[in-house]
Every structure is written in structure tokens, then in C-alpha cells.
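Protein chains in written order, with UniProt numbering: chain A, 1 to 340; chain B, 1 to 340. All residues carry an ideal CB built from backbone N, CA and C; glycine is no exception. Single-structure report; data block below.
2 protein chains.
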Amino acid sequence: MATDHRPLTLRDVSEASGVSEMTVSRVLRNRGDVSEATRERVLEAAKALGYVPNKIAGALASQRVNLVAVIIPSLRNMVFPEVMAGISHELEETELQPVVGVTDYLPEKEEKVLYEMLSWRPSGVIIAGLEHSDASRAMLKASGIPVVEIMDTDGTPVDCAVGISHRRAGREMARAIVKAGYENIGFMGTKMPLDHRARKRFEGFTEQLAKSGIEVMDQEFYSGGSALAKGREMTAAMLERTPELDFLYYSNDMIGAGGLLHLLDKGISVPRQVGLAGFNGVELLDGLPRRLATMDACRTEIGRRAARIIATRVAEPEAPVEPVIELSPKIDFGDTLRRR
Amino acid sequence: MATDHRPLTLRDVSEASGVSEMTVSRVLRNRGDVSEATRERVLEAAKALGYVPNKIAGALASQRVNLVAVIIPSLRNMVFPEVMAGISHELEETELQPVVGVTDYLPEKEEKVLYEMLSWRPSGVIIAGLEHSDASRAMLKASGIPVVEIMDTDGTPVDCAVGISHRRAGREMARAIVKAGYENIGFMGTKMPLDHRARKRFEGFTEQLAKSGIEVMDQEFYSGGSALAKGREMTAAMLERTPELDFLYYSNDMIGAGGLLHLLDKGISVPRQVGLAGFNGVELLDGLPRRLATMDACRTEIGRRAARIIATRVAEPEAPVEPVIELSPKIDFGDTLRRR
DNA sequence: TTGAAAGCGCTAACAT
DNA sequence: ATGTTAGCGCTTTCAA
């Protein structure tokens, strides 16, 4: 029955086991040579007392913090939990632990979160995107720890980057759509001046279309609300407004799925009459009546690679670094984009 | 151009500004009386150097860590990011910061994560569920910090709890279904012996049905894969096997939505011929052709309340504590459960 | 309003 | 195989 609530210290375990603090410390960290006998006594004492080591003190003394700061825009977009899964998985075999910070796509908040996380002196940083405030870039540079910028490779990383080229992704989708013979193309996406990756996809998309002399015929941007519902509404409105459209490109799979449901409702033939494509490869949607054409953003793989880079650099600080790793997502034609 | 990478310390700022470390510390924490002149000089020096305080050292010295450990089973189930959103939102007005740990529904992993987090000496713990290993409960008790168990109120908390009664939720849904005149009822859910809340809902559900002399006519449990697709498949299989079913109760909205899509595909009249209900109130699904009947799990509110309890207890350790706060979710009939 | 000294709980480095 | 000593970078406390 604990009544006093001073948390236990190494000293308590030391006294309970009749062994020096130093030896207790060694046992608890499996370090150095300790006889099996002492080892057991210490472990027993620690367990009996319910001792939980104080990492704060440990970190200060050892100048090592086995945390990896992971800074992402949001947890509500499934993309990021999936990246997290990749990171966690990869770090599981190491001493390192991920700690998440969320920026809500706001540069000021990113700056604040980054500052908070760096003040814990983590062993590395994994941060989404290549666009950061000058202050943020400065902090990252000055931190002196490995920094991996993820998701995007269109730009110059502070240290190194793992991701895909969203410009290229947009271009490739445009190429496939044109090749399939579609000509009257509409675009729908989030109204997010700060979602640079969506912006880059759109830029690549329009650029490539321009090469075939095609211009996006109608476009609409939304914010807030349920993506599925928004996709439905926007699609209905756009087809009403511009009935000659024969292809709709969506900046994410959820709104694309909403659009798909609308078209099926209306009895519009997909992909003959109207083709559709989204972006991400959201497994979530596998049960829909048709599989939406999409492009995998390689989320888990990106997380894995980024974590591996940090782990390697922590283990061997002098290991050579590849500044940019660009993964190559493939188009998944699904059932909503004609092949040919 | 920084070449040496010893991180900056208070001493560096002290030297750069010609003020004692102590005063620098006071400025950086807005503590005590510091003349406006020194204040500015210090701030300037800190900014020029790019100094980021070392929270490890600060926490050790002050015996205070402004972190709240949040321990949840998964990030891939949207329920938990939503709880997180509630927590973050509520903590935003305080000094406290949430730190997430994920257990994958495994008690051993929960134990490990809890141990890791407690070793950082957080100011409080928010942990999902009331079922924990003896070791975990012991750690929580011994920690001497406020602990809020969330999501569930069917059981006895270590310290205090905020959530809903899943037994009651199951009972209420059963009552509504019976009242609506359905009699041949099937159940589909996750094969998760460790998802205690889903289990409790199912128990409450069958109990209540029993009171009307009804027994669940068919049931199936799945694991893995895309929930939407699974819901579709399981529903198809179950109706094939037990065609006389007139109601399907799903343990979550995603599989319920899959089931709904299947029924609509087959041209089965919903909710006349077959009624459906899920659980959670997933906004995600708002764009479906019909709104699935469901029950809100009060996720954001739970997060908010839990965070508020921790914040209050941190500010006034002697504040009175209500051991269990039970929220009351209401049935949302949507378009798939007859009212009457 | 400012500074000096002591120490938070642990670990690195060096004895023994 | 085990112990001793000195600090990690801050904040608390007390003195000026």
C-alpha cells in the first residue's frame, strides 16, 4: 500500500538489493558484466518495488534520447497513420521510438511543434513535406541530428528525403488519361493552398495535358465536411454545369469514391461515358461497387525507408547518405479508367 | 555556418548576452521579475544563436514534465484519431502536450508501452479501456499521477473513467430493433477477443434480445482486410446461408456500410425487407446512398473530458474526482432502421 | 532585479 | 565483477 508518493529511484533499488546504484543501473540496461546472481537479486528487487526507470535523468546523463520526432500534417487523413505504421514497424527492431506531432497543415504550428520536439533532443526527425518556414529549416539544420523529409521529392531537402514526385504523378495520370482517349477533363480537389503535394500533382497534371493541347475544362475545390459526400456533391454540380466532361480527376480517393457513387446512381456508364481517377490507393475503399483508378502513394514504404535512414544514421553517424530517394508509384487502372 | 555540433546551452546564451544563466532561464520561461532591457537582450541573443532549450534538463531539475501519455489500441481505426483530436484540442489551452502510444490491442504491448511512457514521468495518463494486465494496473496505481481510462464505463477504473457503457449501447440497439418489429437477427463483427468494447456491445445486445425471447440467428466474425469489402462478403455469405434474416447488426460502421452496398446491389429493400445498423457514427460514410443506422460513440467528447480531468488535476492536485463519467449516446436511425 | 550554489536521477569514465 | 566520482543542463532556493 503506497502512501508516500515520491517516485522510486535507483537508490531505492540499490538499497533493497544491497548492490551499488551503478550495478543496478547496469543490470537494468543489460550493460557490462554483472554476475548472474547479482543480476537476479537486482531484477527481483526492482520488480518487487515496482521501479520504473527515469528516462529523463538517463537521457540527461547519457546525452542520448532514443526518440524519433515524426511531424505530420494530420492524423485524420489515413495516409499518415499508414506512414506511421511503416515507421513504427521499422523502428520496432531498434531502441528508437517514434513520437508524433501534428501541424494541421499550418506552417506556424509546424514551427511550434518542431521547436517543442527538438527541445526533447530526439535522435532524429522525420517530417512531412519539403516546404517549411525559414525558421523551421534553420532549426532542423542547427539541430545536428538526421532529418528525413518525407512524401515529396520535388524540391531540395534540408538533409535527405524519401517520397514520390507528385508532379510526375500528376503528369503520368494525365498521360494515361489522354492515351485512353478522354478529352474533356474536369478536376476536383481540396481547397488547400498549404497542401503542397496536392498542388504539385495538379500542376504536373495540367502541364502534361497542355502538351497534348488539352486544358482542364472545369475545376472545383472544397474544404471541410465528409469527403465522400463532398465528392458526390461536387461531381453532381460539375456534371450539371459542364455536361460534356468525359473524365474526372480527383485529388484524393475519398472524393473520387463519392463521385463514383454519384455516377453509378445516375446510371452513367463508367468508364465508357465518364472515366474517373483519384489518388492514394486507399484500401479502405476496396468494397465499393467498382474499383477507382488511382495511384499508390507508397505510404508504408516511405515510412519504412525514412525510419531505416534514421536508424542507420544513429548507429553509424558517418554512413553515407543518399540525399533523395524517389519511389515510383504505378497507376492502378481499377475499373474506372479505360486501358489502351 | 555551424561546424561544431555541440548543441547550444543556456551558458551560450548567457555569454552572448552578458547575463547570468539564471536570468536567461527566467526570461525564457517568463518567470520572476526581469527588467525589460535584459529581457530583450536575452531574447535577441537566444534567437540569434538559434537556441532551443533542453527540456530533458529542465524536466529533471524542475521535476515537472508537461506530457500526457495517451495509450490507445490503434491509429487505423478512425475512432482513435478522433479521440486524439478531442484531447489535443482541450490541452491546447494548457502547457500540457499529448504523446501517443499504440498497443495494437495486445495486453503485453500495452504493458510495454505504458512502462516506456511512465519512464518519461508524464503528468498524467489517458488510456483506452478498463481491461489491463495486473502489472499494468499496478504501474498505473504506483505512478502517483492522474489516470483516466476512456471509452468504456463497464468496469472499475484504477483512478477514474470517461466513456459510454457498451453493454447499454448493445441493449438499446436491441430494444430499438425489436420495437421496430424485426425478428430474425444476424450479427457480424471483428474476430477480436481483445476488443472488449465490441464484446460488451454484443453481450448487451444478445442479453436484451433474450428478454424478448429472441436469439441471434446467425453470426460471423472476421479479421484483417478492408472492412468495407469484408462487410460486403460476410453479408452476402450470411444471407445466402440464412435467407430469412430481416436485420443485420454490425460491430462497426465500415462493415455495416459494406453490407449496405451489397443489399442495394442486390436490390433488396432497406429497411423494409432487411434492416441494418452499425456502431460509431463515422462521418466518413456520409456520402453513401443511404445513411446507416448507428450510435455515436462520443469520441471527441470523451477525449475532451479526459483531457480536462488531467489538466484540472495537474493544476489542483486536491480537486475532487468523479470516478466514472458515463456519456449517453443516442441511436441515429439513419435510413436503414425502421422507426416506430 | 540579479546572481551563486546545490542538486534533480541517472550514466560515462575511471578505479579496484 | 563491482564501486566511486563527476557531471549532463537546467531550476530551486537563497542571498545580495
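So, does the CB of residue i fall closer than 8 angstroms to a CB anywhere in chain A?
i: Lys-55 (chain B); result: yes
i: Glu-111 (chain B); result: no
i: Met-139 (chain B); result: yes
i: Gly-287 (chain B); result: yes
i: Pro-81 (chain B); result: yes
i: Ser-136 (chain B); result: no
i: Ser-119 (chain B); result: yes
Tell me the DSSP secondary structure of residue i in three-state form.
i: Thr-3 (chain A); result: Reliability fails at Thr-3 (chain A), whose pLDDT of 46 lies under 50, so the model's placement of it is uncertain and the value that follows must be treated cautiously. Three-state result, Thr-3 (chain A): coil.
i: Thr-153 (chain A); result: coil
i: Ile-145 (chain B); result: coil
i: Met-78 (chain B); result: coil
i: Asp-286 (chain B); result: helix
i: Glu-318 (chain A); result: coil
i: Thr-190 (chain A); result: strand
i: Val-178 (chain B); result: helix
i: Phe-333 (chain A); result: coil
i: Glu-326 (chain B); result: strand
i: Gly-86 (chain A); result: helix
i: Gln-208 (chain A); result: helix
i: Leu-248 (chain B); result: strand
i: Gly-32 (chain A); result: coil
i: Gly-163 (chain B); result: strand
i: Asp-195 (chain B); result: coil
i: His-262 (chain A); result: helix
i: Tyr-105 (chain A); result: coil
i: Ser-119 (chain B); result: coil
i: residue 342 (chain A); result: Residue 342 (chain A) falls outside the range modelled here, since chain A spans only 1 to 340, and no answer is possible.
i: Thr-9 (chain A); result: coil
i: Ser-269 (chain B); result: coil
i: Ser-291 (chain B); result: The question names Ser, but residue 291 (chain B) is Arg in the sequence shown. Arg-291 (chain B) falls in the coil class under three-state DSSP.
i: Ser-133 (chain A); result: coil
i: Val-52 (chain A); result: coil
i: Ser-20 (chain A); result: coil
Since residue i sits in a beta bridge, which residues does DSSP pair it with?
i: Pro-98 (chain B); result: B:Val-68
i: Asn-280 (chain A); result: A:Asp-296
i: Leu-60 (chain A); result: Leu-60 (chain A) pairs with nothing; no bridge assigned.
i: Gln-219 (chain B); result: B:Phe-187
i: Ile-127 (chain B); result: B:Ile-71, B:Glu-149
i: Met-275 (chain B); result: The sequence as given places Gly at residue 275 (chain B); Met does not occur at that position. Per DSSP, B:Phe-247.
Is any beta-carbon of chain B found at less than 8 angstroms from that of residue i?
i: Asp-265 (chain A); result: yes
i: Ala-293 (chain A); result: no
i: Arg-305 (chain A); result: no
i: His-5 (chain A); result: yes
i: Arg-76 (chain A); result: yes
i: Met-1 (chain A); result: With a pLDDT of 39 at Met-1 (chain A), under the threshold of 50, the predicted position of this residue should be treated as unreliable, and no value is reported.
i: Ser-226 (chain A); result: yes
i: Asn-252 (chain A); result: no
i: Gly-258 (chain A); result: yes
Please confirm whether residue i and residue j have their CB atoms less than 8 angstroms apart.
i: Met-78 (chain B); j: Val-100 (chain B); result: no
i: Ala-169 (chain B); j: Val-148 (chain B); result: no
i: Ser-17 (chain A); j: Val-24 (chain A); result: yes
i: Arg-175 (chain A); j: Pro-271 (chain A); result: no
i: Ile-126 (chain B); j: Ala-306 (chain B); result: yes
i: Gly-204 (chain B); j: His-166 (chain B); result: yes
i: Leu-10 (chain B); j: Glu-21 (chain B); result: yes
i: Leu-248 (chain B); j: Leu-228 (chain A); result: no
i: Gly-231 (chain A); j: Ala-257 (chain A); result: yes
i: Pro-323 (chain B); j: Pro-157 (chain B); result: yes
i: Arg-241 (chain B); j: Glu-207 (chain B); result: no
i: Ile-150 (chain B); j: Gly-275 (chain B); result: no
i: Ser-74 (chain B); j: Val-113 (chain B); result: no
*Given 8 angstroms as the limit, is there contact between the region 180–193 of chain B and the region 212–223 of chain B, that is, 3 or more CB pairs closer than that?*
Because the criterion of three Cβ pairs below 8 angstroms is met, the region 180–193 of chain B and the region 212–223 of chain B touch.
*Would you check if the region 231–239 of chain B and the region 249–262 of chain B touch, i.e. whether three or more CB-CB distances between them fall below 8 angstroms?*
Counting C-beta pairs with one atom in each stretch, the region 249–262 of chain B and the region 231–239 of chain B have three or more that are closer than 8 angstroms, which means they touch.
*Are the region 138–147 of chain A and the region 66–75 of chain B touching, with three or more C-beta to C-beta distances below 8 angstroms?*
no
*Three or more beta-carbon pairs under 8 angstroms between the region 299–319 of chain A and the region 250–259 of chain A, yes or no?*
Result no; under three Cβ-Cβ pairs closer than 8 angstroms.
*Any 3 or more C-beta pairs closer than 8 angstroms across the region 277–287 of chain A and the region 295–302 of chain A*: These segments touch.
*the region 102–117 of chain A touching the region 323–337 of chain A, judged by at least three CB pairs closer than 8 angstroms*: no
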